[in-house]
Amino acid sequence: MNTFLLINTLAFVAITLYGFYLFGRVVATRVAYIRLGKKSEFDRDFKERLRRVGKIVFGQSKLLKDKKSGAIHVMMFYGFILVQFGAIDMFVKGLSPGNHLPFGVFYPGFVFFQELVTLMILVAVAWAFYRRYMEKLVRLKRGFKAGLVLLFIGTLMISVLVGNGMAQIWHGHEATWLEPVASLIALGFDWMSPAAAMVVFYIAWWVHTITILTFLVYVPQSKHAHLIAAPINVFLSKRVPGKLKTIDFDIDEENVENEEEISFGVGKVEDFDQFQMIDFYACVECGRCTDVCPASGTGKMLSPMDIMVKVRDHLTEKGAAVTGKSPWVPTYAFAGTQGNQASGQNEAAATVQSRSLIGDVITEEELSGCTTCRNCEEACPVMNEHVGTIIDMRRYLVMTEGKMNQDVQRAVMNIERQGNPWGLSKKDRIKWRELDEAAYIPTVKELKKEDKEFEYLFWVSSMGAYDSRSQKIAVAFAKLMNQAGISFAILGNKEANSGDTARRIGNEFLFQEIAEKNIKEFEKNGITKIVTIDPHAYNIFKNEYPDFGFEAEVYHHTQMLYDLVMNGKLKPQREINQRLTYHDSCYLGRYNGVYDPPREILQSIPGLELVEMARSKENGMCCGAGGGLMWTEETTGNRINVARTEQALAVKPTMISSACPYCLTMLSDGTKAKEVEEDISTMDVAEILALSVFVEEETKSA
Numbered sequence: 016m017n018t019f020l021l022i023n024t025l026a027f028v029a030i031t032l033y034g035f036y037l038f039g040r041v042v043a044t045r046v047a048y049i050r051l052g053k054k055s056e057f058d059r060d061f062k063e064r065l066r067r068v069g070k071i072v073f074g075q076s077k078l079l080k081d082k083k084s085g086a087i088h089v090m091m092f093y094g095f096i097l098v099q100f101g102a103i104d105m106f107v108k109g110l111s112p113g114n115h116l117p118f119g120v121f122y123p124g125f126v127f128f129q130e131l132v133t134l135m136i137l138v139a140v141a142w143a144f145y146r147r148y149m150e151k152l153v154r155l156k157r158g159f160k161a162g163l164v165l166l167f168i169g170t171l172m173i174s175v176l177v178g179n180g181m182a183q184i185w186h187g188h189e190a191t192w193l194e195p196v197a198s199l200i201a202l203g204f205d206w207m208s209p210a211a212a213m214v215v216f217y218i219a220w221w222v223h224t225i226t227i228l229t230f231l232v233y234v235p236q237s238k239h240a241h242l243i244a245a246p247i248n249v250f251l252s253k254r255v256p257g258k259l260k261t262i263d264f265d266i267d268e269e270n271v272e273n274e275e276e277i278s279f280g281v282g283k284v285e286d287f288d289q290f291q292m293i294d295f296y297a298c299v300e301c302g303r304c305t306d307v308c309p310a311s312g313t314g315k316m317l318s319p320m321d322i323m324v325k326v327r328d329h330l331t332e333k334g335a336a337v338t339g340k341s342p343w344v345p346t347y348a349f350a351g352t353q354g355n356q357a358s359g360q361n362e363a364a365a366t367v368q369s370r371s372l373i374g375d376v377i378t379e380e381e382l383s384g385c386t387t388c389r390n391c392e393e394a395c396p397v398m399n400e401h402v403g404t405i406i407d408m409r410r411y412l413v414m415t416e417g418k419m420n421q422d423v424q425r426a427v428m429n430i431e432r433q434g435n436p437w438g439l440s441k442k443d444r445i446k447w448r449e450l451d452e453a454a455y456i457p458t459v460k461e462l463k464k465e466d467k468e469f470e471y472l473f474w475v476s477s478m479g480a481y482d483s484r485s486q487k488i489a490v491a492f493a494k495l496m497n498q499a500g501i502s503f504a505i506l507g508n509k510e511a512n513s514g515d516t517a518r519r520i521g522n523e524f525l526f527q528e529i530a531e532k533n534i535k536e537f538e539k540n541g542i543t544k545i546v547t548i549d550p551h552a553y554n555i556f557k558n559e560y561p562d563f564g565f566e567a568e569v570y571h572h573t574q575m576l577y578d579l580v581m582n583g584k585l586k587p588q589r590e591i592n593q594r595l596t597y598h599d600s601c602y603l604g605r606y607n608g609v610y611d612p613p614r615e616i617l618q619s620i621p622g623l624e625l626v627e628m629a630r631s632k633e634n635g636m637c638c639g640a641g642g643g644l645m646w647t648e649e650t651t652g653n654r655i656n657v658a659r660t661e662q663a664l665a666v667k668p669t670m671i672s673s674a675c676p677y678c679l680t681m682l683s684d685g686t687k688a689k690e691v692e693e694d695i696s697t698m699d700v701a702e703i704l705a706l707s708v709f710v711e712e713e714t715k716s717a
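Each residue of the sequence shown is one higher than the one before, counting from 16 in the working numbering.
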């Protein structure tokens, strides 16, 4: 027996060391691949970052948005952590028969708890198998590799229960309620001799040992690398959702040997920064991002998950070619893979390095389909930032390769020349005031001439200034500010474009030119507070202009109106007897967390019945206008705005509302496409509030 135990122990130590060696080697290669990327900027707000790890990683807050999948994951996540103590206990039993972890009087309770946890994990495994292979959720892959982890976990749990049952027979222990399943197994095999039970115990023990070490090696070279990368990714993710990186265009051309080396954006995988590369390895391949993507859901080529997976695989292969480190271990078992072959200085390495990131790995069609709505990021349980990755590649196409959709190119050229996407005259930017001459809408210049001051700059935006439908929103909001005694002014013909369209399309250079001019205008006029009806301008002024030296208090018009209504400065009076559903703007909601103010305003209006769509707030679907797509025609699949309108119509409203001129335009077009525009009106929150606040004299006297 002593000889057997010695051989058993030596074999255990050798295999365990080998397993940890392979694990360390895989992790080291992935770190080497990530280090190929550019260094990332990092702010040291550790308190906020640790709070986020606690909420998302240990609180599983994002996973629990899908209650079924979330429950399965919580059971596996905490169960697998807790069951490791049972695994250690089992190792002790095999290496030193008759002994166990030294928990003293607490050991019986520990044994009972471990058995419950083991059973819980088996239930989770069975449930996950059903969800993937029986229920066949569309977002989940169903190949052998997708289910391999379930096989690993199930084997680990069953081997523990079988081993404990055999240990009872081997050591002559009585059945106990502290180990109900193990006792049942022992009772079922009570005909076995202690020697036979010992053999079966060690078979189960070695199955458990080899499985757990195989799982250890498998994790970092599979999608389950998220077990390592996800907590790091959550900790490192941006504190301002959706905020884009700034490109430095100051290049010392004298130190650049080849002008062809000058590029902007991401044209090869090494151009991503290191934090983005952690995103790729953190991807769970759960499909939640693609499941909520408006482009994917309407038949476009884009799948956010596929973007992450394809770039990750490309990084792994190219990383192998550049560093010479084999990505797959044991190396001899995966000698035929492209990644391992590329790790040598050979033809395979040359083939991998010749592959173009944009074209061979990711298509231009995929990149152009993104509306930048961030629903993918909101749904992602590991805080991956898909939109920034896509826009970085767009930047390369636009600024380095000069490739752009013709419609988008026209809009960008118009913004560059006239400050608006239609190319209309700058001099006409102020004409919208003529819609209601009773409204007091002064320009900054006019107030200066009168030696008057103002508190807020009202940024009207190109939509509010030029689009005939959006002009009504601007007028309604201006009249409400007049009513509440808010001191404001507009820039008039001095107002330009916020630069959001140019930046999201990928023309960072034009955006920075626009931002610089706007900031000079703001500073010249002493602007410290801005209010706007445009969520895109609101987001970029609030979150991205500070990178260029301008900071101000920035408000969306619904935030201001909410305060005015709550403080009694605006009093809704007239009943608006409508059944209304509200559509959340992506740039107001997911980018800035403004969900309640518009709803509170609507609920304050007498007679208005507010009903929510199936997809609302954090999971609200995009209207299809973001990312510069407002200015393009959809040529594949279904129209996003029509799909969103259909979701609104499903709750049988008589009115659809939003708080964004882009969204309202898209939804209005959607009702026309569905031929219901005569029955269902589309109005901005400010317009509806104005209808209730401004009661006509005859209505008052009636």
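For every residue, glycine included, the Cβ atom is placed at its ideal position computed from N, Cα and C. Computed from a predicted model, the values in this text were never measured in an experiment.
From residue i to residue j, what distance separates their C-alpha atoms?
| i | j | result |
| --- | --- | --- |
| Ala717 | Val710 | Any answer about Ala717 is weak, because its pLDDT of 33 lies below 50 and its placement is not dependable; what the coordinates show is given next. Taking the straight line joining both Cα atoms gives about 11 angstroms. |
| Cys298 | Lys160 | 15 angstroms |
| Glu712 | Gln588 | Residue placement at Glu712 cannot be trusted, given a pLDDT of 39 that sits under 50; the coordinates are not used to answer. |
| Lys494 | Ala552 | 21 angstroms |
| Leu152 | Leu78 | 16 angstroms |
| Leu7 | Gly109 | The question about residue 7 has no answer here: the residues shown for the chain are numbered 16 through 717. |
| Asp562 | Ile555 | 10 angstroms |
| Glu633 | Ile49 | 31 angstroms |
| Lys715 | Ser485 | Note that Lys715 scores a pLDDT of 40, beneath 50, so its modelled location is shaky; the value from the coordinates is reported in the next line. Taking the straight line joining both Cα atoms gives about 29 angstroms. |
| Ile616 | Asp443 | 32 angstroms |
| Asn435 | Val376 | 35 angstroms |
| Ala310 | Ser383 | 10 angstroms |
In three-state terms, what does DSSP make of residue i?
| i | result |
| --- | --- |
| Asp694 | coil |
| Ser716 | For Ser716, the pLDDT reaches just 33, beneath the cut-off of 50, and the residue's location in the model is therefore unreliable, leaving the point undetermined. |
| Tyr471 | strand |
| Arg594 | strand |
| Phe14 | Since the first residue of the chain shown is 16 and the last is 717, residue 14 is not available in this structure. |
| Val324 | helix |
| Ser483 | helix |
| Met670 | strand |
| Ile377 | strand |
| Glu400 | coil |
| Leu625 | strand |
| Ile620 | coil |
| Val83 | Before going on, a small fix: residue 83 reads as Lys here, not Val. Helix. |
| Asp60 | coil |
| Phe19 | helix |
Does the separation of the CB atoms of residue i and residue j fall below 8 angstroms?
| i | j | result |
| --- | --- | --- |
| Gly282 | Leu372 | yes |
| Leu317 | Cys385 | yes |
| Lys441 | Gln433 | yes |
| Glu144 | Leu165 | Note that residue 144 corresponds to Phe in the displayed sequence, not to Glu. Contact: yes. |
| Val175 | His241 | no |
| Pro612 | Tyr577 | yes |
| Ile671 | Thr573 | no |
| Val140 | Gly169 | yes |
| Thr669 | Gln593 | yes |
| Ile548 | Ser476 | yes |
| Ala701 | Val657 | no |
Using CA atoms only, rank isn't needed, just tell me which of the options is closest to residue i.
| i | options | result |
| --- | --- | --- |
| Ile620 | Ser707, Asp263 and Met207 | Ser707 |
| Gly583 | Ala640, Gln498 and Lys632 | Gln498 |
| Leu704 | Ser673, Leu25, Asp694 and Leu682 | Ser673 |
| Val397 | Ser358, Val255, Phe503 and Ile247 | Ile247 |
| Arg409 | Ser696, Glu379 and Gln353 | Glu379 |
| Gly564 | Val107, Ser208, Glu538 and Tyr570 | Glu538 |
| Gly85 | Arg659, Met419 and Cys395 | Cys395 |
| Leu579 | Phe492, Gly312, Met478 and Phe524 | Phe492 |
| His186 | Ala201, Ala363 and Ser683 | Ala201 |
| Gly178 | Gln236, Val138, Pro112 and Lys156 | Pro112 |
| Glu692 | Ala663, Arg157 and Asp294 | Ala663 |
Which residue or residues does DSSP assign as beta-bridge partners of residue i?
| i | result |
| --- | --- |
| Asp286 | Answer is none; Asp286 lacks a bridge partner. |
| Tyr570 | Val546 |
| Thr458 | Ile505 |
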